[in-house]
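Visitor: My structure is below; once you've seen it, I'll send some questions.
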Amino acid sequence: MSFLVLDSIKKSFGQTQVVKDFHMAIEKGEFVSFLGPSGCGKTTILRMIAGFETPSDGVISIAGKNQNGLKTSQRNIGMVFQAYALFPNMSVFDNVAFGLKVAGQPKSEIEKRVKEMLKLIHLEHLADRYPYQLSGGQQQRVALARALAPKPQVLLLDEPLSALDAKIRVSLREEIRQIQRQLGITTVFVTHDQEEALSISDRIVVMNAGRADQIGTPSDIYNRPATRFVASFVGTLNIIDAIVEDPAANTIRIGENVIKLREPIGALKGGDQVSIALRPEAGSLNESATGDTALTGKVVSSQFLGSVVRTRFEVGGNQISFDMFNAPDKILPQLGETVTLRFAASDLLLIKD
Ligand code: ADP
Ligand code: MG
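In the numbering used here, the protein residues as written are 6 to 358.
Structure representation (structure tokens):
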């Protein structure tokens with residue numbers, strides 16, 4: 006049996022159901038991210054795991070034990086929030102010691118454990134400081150140490166990086182992942198940032214209006230989005246409106262381009278609308294490019310971004326982005342120019358809504 010199980014969880018506030026029949030089994034030591042736009046129910050799920058909210062229906066269990074009816078203090082959970090929720094009147098040491106004191110641990114044990122935790126987050130030298138004397142990143146590391154000190158069974162992180170500067174955000178997310186691996190602690194991480202979720206997780210749950218649209222590894226989610234929502238929310242995938250040309254031949258039309266798909270079109274009829282996804286890095290403009298498929302259109306923008314040139318061109322009412330890495334100057338697309346992007350038919354994904 007999985008370590009943390011959310012079985013048919015529902016949650017309503019008044020008439021509004023914000024979590025709709027959610028099911029997930031998380032393994033011991035796994036790092037799972039909940040990814041989705043604001044208001045889709047991520048925090049509510051976390052708060053139910055922590056015991057701050059009661060599910061309207063369903064069962065949450067940890068290590069085989071039903072948590073329903075247990076208070077937060079009776080659950081063995083560590084939590085870090087977005088806002089720095091340190092006790093402002095306590096030193097770093099006392100903040101980290103807090104949960105251990107509440108648990109009535111002997112002083113010598115507390116001292117040993119706090120030192121261990123401060124070492125883990127590389128802040129041993131700041132034990133006597135107060136929260137206002139720390140940077141945002143340091144405060145979040147202390148919050149992490151405080152959450153981990155009582156050796157929780159599960160660590161819950163609710164957008165812990167979103168208030169930080171971009172650079173700190175990246176380095177701290179690496180540090181969190183490293184510490185999580187080192188301790189082997191089962192972790193649920195909430196974020197609205199797709200890159201963050203892709204970079205840090207064993208598995209990602211893409212949430213859409215109280216439901217999981219897809220649960221999978223970062224590469225599943227990025228390369229094989231299950232729905233149009235996942236495709237548009239995760240990554241920079243192009244979502245292209247196309248029309249079924251000839252179902253028997255498995256062809257679709259995008260503007261003037263008729264393209265044969267690898268994936269079977271299935272039960273669709275000629276003239277039906279379909280959505281097709283194409284990754285911006287999939288194609289190439291080079292005449293000698295390999296690829297059995299081509300899309301021709303007019304360039305509407307082209308930006309030099311250093312390591313990549315990102316160009317958009319218009320085909321049948323769609324704007325399609327493609328990225329060229331190490332683009333030689335001589336083939337940089339010009340505005341208004343007609344270009345042909347070549348790629349493999351297998352790069353086109355049929356999106357089921
Ligand atoms: P997220 O964390 O994904 O941004 P939340 O879980 O915080 O989303 O909220 C999901 C929905 O539930 C939102 O529409 C929010 O307004 C609503 N909600 C959350 N908590 C409460 C509450 N205590 N009472 C009423 N509505 C709530
Ligand atoms: Mg939230």
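We put the CB at the ideal spot given by N, CA and C, even for glycine.
For clarity, every value in this text was computed on a predicted model and none was experimentally measured.
Between the C-alpha atoms of phenylalanine 57 and leucine 166, what's the straight-line distance to the nearest angstrom?
Guide: 22 Å
Visitor: Give the straight-line distance between the Cα atoms of aspartate 251 and methionine 212, rounded to the nearest whole angstrom.
Guide: 35 Å
Visitor: Name the one or two DSSP bridge partners that isoleucine 245 has.
Guide: Ile281
Visitor: Does the beta carbon of phenylalanine 27 fall short of 8 Å from some heavy atom of the ligand ADP?
Guide: no
Visitor: Just to confirm the assignment, what range does the alpha helix (DSSP H) spanning alanine 272 have?
Guide: Careful: alanine 272 lies outside any alpha helix (DSSP H) and carries neither H nor E.
Visitor: Taking its Cβ as the centre, do 16 or more other Cβ atoms sit within 10 Å of glycine 69, making it buried, or is it exposed?
Guide: exposed
Visitor: Whole alpha helix (DSSP H) runs in the stretch 17 to 97 with 4 or more residues, listed along the chain?
Guide: 47 to 55
Visitor: Rounded to the nearest angstrom, how far is the Cβ of alanine 282 from that of proline 223, given a contact under 8 Å?
Guide: In fact, because the Cβ distance is near 16 Å, the residues do not count as touching under 8 Å.
Visitor: What ranges does the alpha helix (DSSP H) occupy inside the stretch 94 to 158, keeping only unbroken runs of at least 4 residues that lie completely in it?
Guide: 97 to 107, 112 to 125 and 141 to 153, all fully within the stretch 94 to 158.
Visitor: Any heavy atom of the ligand ADP within a distance shorter than 8 Å of the CB on lysine 4?
Guide: There is simply no residue 4 to check, as the chain begins at 6 and stops at 358 in what is shown.
Visitor: Specify which residues have a beta carbon nearer than 6 Å to any heavy atom of the ligand COA, listing them in chain order.
Guide: With respect to small molecules bound, the structure shown includes the ligand ADP and the ligand MG and not the ligand COA.
Visitor: Using 8 Å as the threshold, is the stretch 195 to 210 in touch with the stretch 9 to 22, meaning 3 or more CB pairs across them?
Guide: The stretch 195 to 210 and the stretch 9 to 22 do not touch, with fewer than 3 CB-CB distances between them shorter than 8 Å.
Visitor: Quick one: does the C-beta of valine 211 sit closer than 8 Å to a heavy atom of the ligand MG?
Guide: no
Visitor: How many whole angstroms separate the CB atoms of glycine 260 and glycine 302, which I take to be in contact at a CB cut-off of 8 Å?
Guide: 7 Å
Visitor: Can you tell me where the alpha helix (DSSP H) holding leucine 177 begins and where it ends?
Guide: Where leucine 177 is concerned, the enclosing alpha helix (DSSP H) stretches over 171 to 188.
Visitor: Relative to the C-alpha of isoleucine 30, which residue among Ser43, Ile14, Glu121 and Gly44 is closest?
Guide: Here residue 30 is alanine; the residue named in the question, isoleucine, does not match the sequence. Residue Ile14 is the option with its Cα nearest to alanine 30.
Visitor: Among the residues of its own chain, which have a CB less than 6 Å from the CB of leucine 361, if the five just before and after it don't count?
Guide: One cannot answer for residue 361 here, as it falls past the ends of the chain, which runs 6 to 358.
Visitor: Return yes when the Cβ of phenylalanine 103 is within less than 9 Å of the Cβ of aspartate 133, no when it is not.
Guide: no
Visitor: Report the option in Leu160, Ser326 and Asp328 whose CA atom is closest to the CA atom of threonine 192.
Guide: Leu160
Visitor: For the alpha helix (DSSP H) containing leucine 300, name the first residue and the last one.
Guide: Where leucine 300 is concerned, there is no enclosing alpha helix (DSSP H), although the beta strand (DSSP E) it sits in stretches over 298 to 309.
Visitor: Count the other C-beta atoms from every protein chain shown that fall within 10 angstroms of the C-beta of methionine 329, then say buried if there are 16 or more, exposed otherwise.
Guide: buried
Visitor: Quick one: Cα of glycine 83 to Cα of arginine 216, how far?
Guide: 25 Å
Visitor: Would you mind reading off the limits of the beta strand (DSSP E) that contains serine 326?
Guide: 323 to 330
Visitor: To the nearest angstrom, how far is it from the Cα of leucine 131 to the Cα of valine 64?
Guide: 42 Å
Visitor: Is the beta carbon of leucine 105 less than 9 Å from the beta carbon of glutamine 187?
Guide: no
Visitor: Would DSSP call aspartate 363 helix, strand or coil?
Guide: The requested residue 363 is not part of the displayed model; the chain covers only 6 to 358.
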